[in-house]
Structures are given as C-alpha cells and as structure tokens.
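**Student:** Take this structure, written in structure tokens, and hold onto it; I'll ask about it next.
Protein chains: 2
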Amino acid sequence: MRILLTNDDGIMAAGLVAMYRQLIKHGTVDVVAPESVQSATGHGITISTPLLTQRVTVEGAFTGTAVAGRPADCVKLAVTQLMDQAPDLVVSGINAGANVGINVLYSGTVAAATEAAFLGLPSVAVSLYLRPEVPTNFAWAAEIAMQVIEQIRQAGLRGGQAISINLPALPAGSKPAGIRIVRQCTRPWTDTYDRRKDPKGRDYFWNTSLFTLDNAEPDSDVSSLREGYITITPLQFDLTDHQLLAKWQSRPWAL
Amino acid sequence: MRILLTNDDGIMAAGLVAMYRQLIKHGTVDVVAPESVQSATGHGITISTPLLTQRVTVEGAFTGTAVAGRPADCVKLAVTQLMDQAPDLVVSGINAGANVGINVLYSGTVAAATEAAFLGLPSVAVSLYLRPEVPTNFAWAAEIAMQVIEQIRQAGLRGGQAISINLPALPAGSKPAGIRIVRQCTRPWTDTYDRRKDPKGRDYFWNTSLFTLDNAEPDSDVSSLREGYITITPLQFDLTDHQLLAKWQSRPWAL
C-alpha cells in the first residue's frame, strides 16, 4: 500500500511522526506536509504566491517534503507533482487537538483529507483530543488510530471518501470506551476575545475562545468524544442545503 | 435594517464598495473587512496571533474597520466585539470571481457567510464571475445583486442560513438569463502547477490551475452560471456523509 501522510501542525510535529511509525508497517509512506504550523487555516489554498518546498529529515523517522503552504496545498502538490503514482490512502494527522463539531470547517487537518477526496482518493483525518490532566502520548494514540484505520479500510473505504477520526484523551496503555460512528455536531461555540490597545491607541484582539465539549447534540461527534469514545465521522463536500433548495425551487424568481 | 458587510478581497475592494452603495439604501451598514486580500483562505480563523484593527475611510463611501485577519475573523469580531447589537443581515462580497463547485470550500467570501450562520444570523455571499472579454462593472453587478438579496429576504431568509449568490459576467446595463436555485457541483477541478528551481536549486511551484466552468454536473451552480444565469445556492455546514454514516452504523466496530 502506498500512503501519503500530511497534517496541519507542520512536518516536524510529534503527531505526524508517531503516525508515520505506524503507517510504515503497512506500506510505503511519502510525507508531504506544511513547513510551519497551519492550525485553523481551514480549506485555504495558495494561488497568488509560489509554493516553496524543501526536503526535510526527521532523525530516526523519515525524509519528506516540507511545503511553505496550507495542508490542502500539500495534498494537491504531492498527488499532481511529487509522487510517481497516486497514493492508495491519504492520512492527515495526528492533529494535536480534537476536530469535532463546527471545528471541522476550521480544521486544516480535515481540509487535507477533503482535498484528497476532491482528487478521488480515499482519506482519513486523525485528531487527538488534548486535556491538560492527561499527558499527551502520540505513540499510543497512533497505535490506536492504526487499528481504527484498518477497520475503516475493511469497511470498504473508497476513493473520494474522507473520514474524520477523533481519539479521546488517552493515558498511554489505556483503552477508549469504544468506537462510535457519529455525525458532526452543528451547535456553535462561544467566541470570546481579549480586547487591548496597542502603543498607538488602536484596538487589537486576542481570540480567547475555549473550545469545550459542552452543549453538544446528544448523537454527535462532540458528545461521544466527551464520553471517552473514538468517533468516526464520514464526511462529504456538497455544502448545499438540499431541504431549502427544494423549497426555494418551487418559488417563482424573477428580475 | 442593520447590515454587516464584509468580503475576502479586502476593505478597499471595488466589489465591496459597490455593494455598500446599494445596501446603504436599505438600512445602516457596518463595514468590517480584511485589511488585505484573503482570496482562497477558506474558513481559516486566527487563533495564535492577535487581530490588529484600524479604522479606514473609503472616500465618498464609508468609514469601516479593517482587520488584519481572515473573513471569518471579521464576522466573529464584528458580531461579538464591534457592533452594539447583532445585525439583521450579513453580506459578504461582491467577490471578484465566481464561487461555484468545490471552490465554495476554498472561498473566504462564502466562509464569512457560513461563519455568520454559525452565529445564528441570516447571511448572503455574493460573487461575480469574471470573464476577460466582459468589462467588470461592480456598480451594475451590485444593482442586480441587491434585487436578488431582496427576493431572498422575501422568500423568508432565517437566522443560521447562508445563501451563496453567483452573478454571471454582465456588461453594464445587460440582464442575466434569469435566476436559478441550484446545488453545488462536486466535480473536481484539474490542478496544474508550473515547477521551477530557485537560485539555490530547490523546487518551487506556481499554481497555474484555470478554474473553467467546463465539465459540470448539469443541474448544478457551475452549469447554470455558464449558461448566463444568476445562481442561488442555499448552504449548510453539516459535513457528515449521512448515507455512509447510516451504512457504517450498522457494522460492528471494536478495538
């Protein structure tokens, strides 16, 4: 199996290295990932500036290509320019932080998987919920993630499908409560800002929002992750509101 | 009516100024828009650096707030920090370029409208298809867009709904073929890059993709825009693939 590995935390990120060490047991792995941290860059792409690349070696792991761009750029570039043949699987992660609820739309990790789906490839995004009271252990998370990816492949993951996996905060060696196939929560977060004055008296703002898992729809990714489950959410990229579409198609519209 | 106006081309963009001149006939308009061009930044937000702001006057039009951030940041900041009360309508655009098909996911213009929907507000994104052979006239496009927005409001636009409007390339004074309510096309674009060497011998890449309107699903936004229609696409932000979700929920999953 030929695997493309990317992420949004940058090519040196511990989560990516841990995922690499699992994936390499299952095939060849090409790493093409952002040069720098690209958290919350959503599905941005680079169209007005050139994409600089360089070969980067992570000691004891791999030599890959660092791209001065977005996660989605990495997937486009890897598939159309850098790899000799299309990968059999695209993996994005492991992200340092959960990507559930509307965060799915902000997430560069998920955007990389969605970009792979645009290109007709099967893909998974893997994210790890971080909690201050649980020491982060990406090696253990990657071991669990690999088992989940294997099951997803057995379920018949096809080209053009992007699957988002979220892992609960896991002390090393511990097992999660189980696996749940759940939809994306659509409830809003509460946005908060810390307002300050710069030395010239102009306002500036720090985003201080705490993305908690409270206030979730009960059958959603957010609530299952909060209960300690691994969540699997199959994604699609048709943003049409088909219900409202049908309703409005029956109305007369004219200029 | 209290209106928030933003975009992804920056606060000085001709498309935004033209839209302002129409909207101001219908209520008060607060302009909070990116300081610089944010095309193709998708639904990125700024969480690790502060959001600098400054008051900017566009002569003969408005004084608004320029935000050194993404379109979605502008909406969050305007609604939670800058406006005394929530707007009755959020308008994003007019974007210089169409936002149809999978471009909807790359689009900062659409992300601003979706962010407003997250916050429970009614919103519209307006984009103008640019063709080299048709001189761009944002004033005329805004006049047409305003008529479409009025009809959308009459149709009963509610809080939490984001509507994407695309206008065909229009010579000033000309009428489009009509209005169509259509879904987002999900066919891929063809990605092309121009590969070069920097003076140190490292590879870099320019994205040279031409986003044409060819190869579209017949009942979609892309094909209707190509035929000269105004397209209206109601959007939603649940990315779950509900069909695959139901299928996989009936399978056994275990660690």
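Note that the protein sequences, when read in sequence, are chains A and B. Numbered by the numbering used here, the letters in the first sequence go through residues -1 to 253 in order. Numbered by the numbering used here, the letters in the second sequence go through residues -1 to 253 in order. All C-beta atoms in this analysis are idealised placements derived from N, C-alpha and C, irrespective of residue type, glycine included. Note that the coordinates shown come from a computational prediction; the quantities given were computed from them, not determined experimentally.
Are any of the Cβ atoms in chain B nearer than 7 Å to that of A:Lys23?
**Tutor:** As a position in the first sequence, residue 23 of chain A is number 25, starting the count at 1. Not one chain B Cβ lies under 7 Å of A:Lys23.
**Student:** With H, G and I counted as helix, E and B as strand and the rest as coil, what does DSSP make of B:Arg200?
**Tutor:** Working through the second sequence from its first residue, we reach residue 200 of chain B at position 202. In this structure, B:Arg200 counts as coil in the three-state DSSP scheme.
**Student:** Can you tell me where the alpha helix (DSSP H) with B:Gly254 in it begins and where it stops?
**Tutor:** In this structure chain B extends from -1 to 253, so residue 254 of chain B is not present and cannot be described.
**Student:** Below 8 Å on the Cβ atoms is my guess for A:Thr184 versus A:Val73; work out the distance and round it to an integer in Å.
**Tutor:** Here residue 184 of chain A refers to the residue found at position 186 of the first sequence. Here residue 73 of chain A refers to the residue found at position 75 of the first sequence. Not really, about 26 Å apart at Cβ, beyond 8 Å.
**Student:** I'd like to know if the stretch 201 to 212 of chain A and the stretch 44 to 64 of chain B are in contact, where contact means that at least 3 CB-CB pairs between them fall below 8 Å.
**Tutor:** yes
**Student:** Taking the alpha helix (DSSP H) that A:Val146 belongs to, which residues open and close that run?
**Tutor:** The count along the first sequence starts at 1 and reaches residue 146 of chain A at position 148. Taken as a continuous stretch (DSSP letters only), the alpha helix (DSSP H) holding A:Val146 covers Phe136 to Gln152.
**Student:** With 7 Å set as the bound, which would you pick, yes or no: does the beta-carbon of A:Asp217 sit closer than that to a beta-carbon of chain B?
**Tutor:** Residue mapping note: residue 217 of chain A aligns to position 219 of the first sequence, counting from 1. Not closer than 7 Å to any Cβ of chain B, the Cβ of A:Asp217 fails to qualify, so no.
**Student:** Determine whether the Cβ of B:Gln52 lies closer than 7 Å to any Cβ atom of chain A.
**Tutor:** Here the question's residue 52 of chain B lines up with position 54 in the second sequence. Yes, B:Gln52 lies at the interface with chain A (some Cβ there is under 7 Å from its Cβ).
**Student:** Does the pairing of the stretch 102 to 112 of chain A with the stretch 18 to 38 of chain A give three or more beta-carbon distances under 8 Å?
**Tutor:** yes
**Student:** A:Gln159 bridges to which residues according to DSSP?
**Tutor:** By 1-based counting over the first sequence, the position of residue 159 of chain A is 161. In DSSP, A:Gln159 forms no bridge with anything.
**Student:** In terms of residue numbering, what span does the beta strand (DSSP E) encompassing B:Tyr127 cover?
**Tutor:** Here residue 127 of chain B is taken as the residue at index 129 of the second sequence, counted from 1. No beta strand (DSSP E) holds B:Tyr127; DSSP gives it neither H nor E.
**Student:** Hey, is B:Phe136's beta-carbon within less than 7 Å of any beta-carbon in chain A?
**Tutor:** For this step, residue 136 of chain B is matched to residue 138 along the second sequence. Judged by the 7 Å Cβ criterion, B:Phe136 is not in contact with chain A.
**Student:** When the Cβ atoms of the stretch 135 to 147 of chain B are set against those of the stretch 159 to 167 of chain B, are three or more pairs found closer than 8 Å?
**Tutor:** In short, these stretches touch, since the Cβ pair count reaches three.
**Student:** DSSP on B:Ala64, reduced to helix/strand/coil?
**Tutor:** Looking up residue 64 of chain B in the second sequence gives position 66. Correct three-state label for B:Ala64: strand.
**Student:** Determine the DSSP secondary structure at A:Lys195, reduced to helix, strand or coil.
**Tutor:** Here residue 195 of chain A refers to the residue found at position 197 of the first sequence. Strand at A:Lys195.
**Student:** Who are B:Asn205's beta bridge partners in DSSP?
**Tutor:** Residue 205 of chain B sits at position 207 when you count from the first residue of the second sequence. For B:Asn205, which the question treats as bridged, DSSP gives the partners B:Tyr191.
**Student:** Return the CA-CA distance between B:Val220 and B:Pro174, expressed in angstroms with no decimal places.
**Tutor:** The count along the second sequence starts at 1 and reaches residue 220 of chain B at position 222. The count along the second sequence starts at 1 and reaches residue 174 of chain B at position 176. Spanning the two alpha carbons is a distance of roughly 15 Å.
**Student:** Tell me the DSSP secondary structure of A:Asn93 in three-state form.
**Tutor:** As a position in the first sequence, residue 93 of chain A is number 95, starting the count at 1. In the structure shown, A:Asn93 sits in a strand (DSSP, three-state: E or B).
**Student:** Would you please verify whether the beta carbon of A:Lys264 is less than 7 Å from any beta carbon of chain B?
**Tutor:** Residue 264 of chain A falls outside the range modelled here, since chain A spans only -1 to 253, and no answer is possible.
**Student:** Please name the residue or residues paired with A:Gln241 in a DSSP beta bridge.
**Tutor:** As a working note, residue 241 of chain A is residue 243 in the first sequence. Paired residue(s): none; A:Gln241 is not in a bridge.
**Student:** Using a Cβ-Cβ cut-off of 7 Å (strictly less than) and excluding sequence neighbours within five positions of A:Asp82, which residues of its own chain qualify?
**Tutor:** Position 84 of the first sequence, counting from 1, holds the residue named residue 82 of chain A. For A:Asp82, where only same-chain residues beyond five positions count, there are no Cβ hits under 7 Å.
**Student:** Does the Cβ of B:Gln241 have 16 or more other Cβ atoms within 10 Å, making it buried, or fewer, making it exposed?
**Tutor:** By one-based count along the second sequence, residue 241 of chain B stands at place 243. Counting Cβ neighbours within 10 Å, B:Gln241 comes out exposed, since fewer than 16 surround it.
**Student:** One question on the structure: do B:Leu2 and B:Ala76 come within less than 7 Å of each other, judged by their Cβ atoms?
**Tutor:** Residue 2 of chain B sits at position 4 when you count from the first residue of the second sequence. Residue 76 of chain B sits at position 78 when you count from the first residue of the second sequence. Contact flag set, yes.
**Student:** So if I threshold CB-CB distances at 7 Å, which residues from the stretch 64 to 84 of chain A count as touching chain B?
**Tutor:** For the stretch 64 to 84 of chain A, the beta-carbon criterion of a distance under 7 Å to any beta-carbon of chain B is satisfied by Lys74, Leu75, Thr78 and Gln79.
**Student:** Give the DSSP-derived three-state secondary structure of A:Val15 in the structure shown.
**Tutor:** By 1-based counting over the first sequence, the position of residue 15 of chain A is 17. Reduced to three states, the DSSP call for A:Val15 is helix.
**Student:** Quick check on this structure: which residue in B:Asn101, B:Ala94, B:Gln79 and B:Ala114 has the alpha carbon closest to the alpha carbon of B:Ala70?
**Tutor:** As a position in the second sequence, residue 70 of chain B is number 72, starting the count at 1. Of B:Asn101, B:Ala94, B:Gln79 and B:Ala114, the residue nearest in Cα terms is B:Ala114.
**Student:** Compare the C-beta of B:Pro186 with all C-beta atoms of chain A and state if any pair is closer than 7 Å.
**Tutor:** As a first step, residue 186 of chain B must be located in the second sequence, where it is residue number 188. Judged by the 7 Å Cβ criterion, B:Pro186 is in contact with chain A.
**Student:** If we ignore side chains and look at the alpha-carbon of each, how far apart do B:Gly25 and B:Val146 end up?
**Tutor:** Your numbering for residue 25 of chain B matches position 27 in the second sequence. Your numbering for residue 146 of chain B matches position 148 in the second sequence. The alpha-carbon atoms of B:Gly25 and B:Val146 are separated by roughly 17 Å.
**Student:** Between A:Ala94 and B:Ala143, what straight-line distance do the alpha-carbon atoms span, to the nearest angstrom?
**Tutor:** Here residue 94 of chain A refers to the residue found at position 96 of the first sequence. Here residue 143 of chain B refers to the residue found at position 145 of the second sequence. C-alpha separation (whole angstroms): 42 Å.
**Student:** Residues of chain C with a CB under 8 Å from the CB of A:Asn5: which are they?
**Tutor:** Given the protein chain composition of this structure (A and B), no chain C is represented.
**Student:** Could you give the uninterrupted runs of the alpha helix (DSSP H) lying entirely in the stretch 3 to 61 of chain B, keeping only those of 4 residues or more?
**Tutor:** Within the stretch 3 to 61 of chain B, the complete alpha helix (DSSP H) runs of at least 4 residues are 12 to 21.
**Student:** Starting from the beta carbon of A:Ile9, find every residue of chain B whose beta carbon is closer than 8 Å, and list them in chain order.
**Tutor:** In the first sequence, residue 9 of chain A corresponds to position 11, counting from 1. Residues of chain B whose Cβ lies closer than 8 Å to the Cβ of A:Ile9 do not exist, since the nearest Cβ in that chain is about 15 Å away.
**Student:** Using a Cβ cut-off of 8 Å, pull out every chain A residue sitting near B:Arg181, in sequence order please.
**Tutor:** Within the second sequence, residue 181 of chain B is the residue found at index 183, counting from 1. Chain A residues near B:Arg181: Asp236, Thr238, His240 and Leu243.
**Student:** Using a Cβ-Cβ distance under 7 Å, would A:Gly42 count as near chain B?
**Tutor:** Reading the first sequence from its first residue, position 44 is the one you call residue 42 of chain A. Closer than 7 Å: yes.
**Student:** Tell whether a beta-carbon distance below 7 Å holds between B:Tyr127 and B:Ala96.
**Tutor:** One-based indexing of the second sequence puts residue 127 of chain B at position 129. One-based indexing of the second sequence puts residue 96 of chain B at position 98. In contact: B:Tyr127 and B:Ala96 (Cβ atoms closer than 7 Å).
**Student:** In chain B, which residues lie with their C-beta within 7 Å of the C-beta of A:Val102?
**Tutor:** Here residue 102 of chain A corresponds to residue number 104 of the first sequence, with the count starting at 1. The contacting residues are Leu237.
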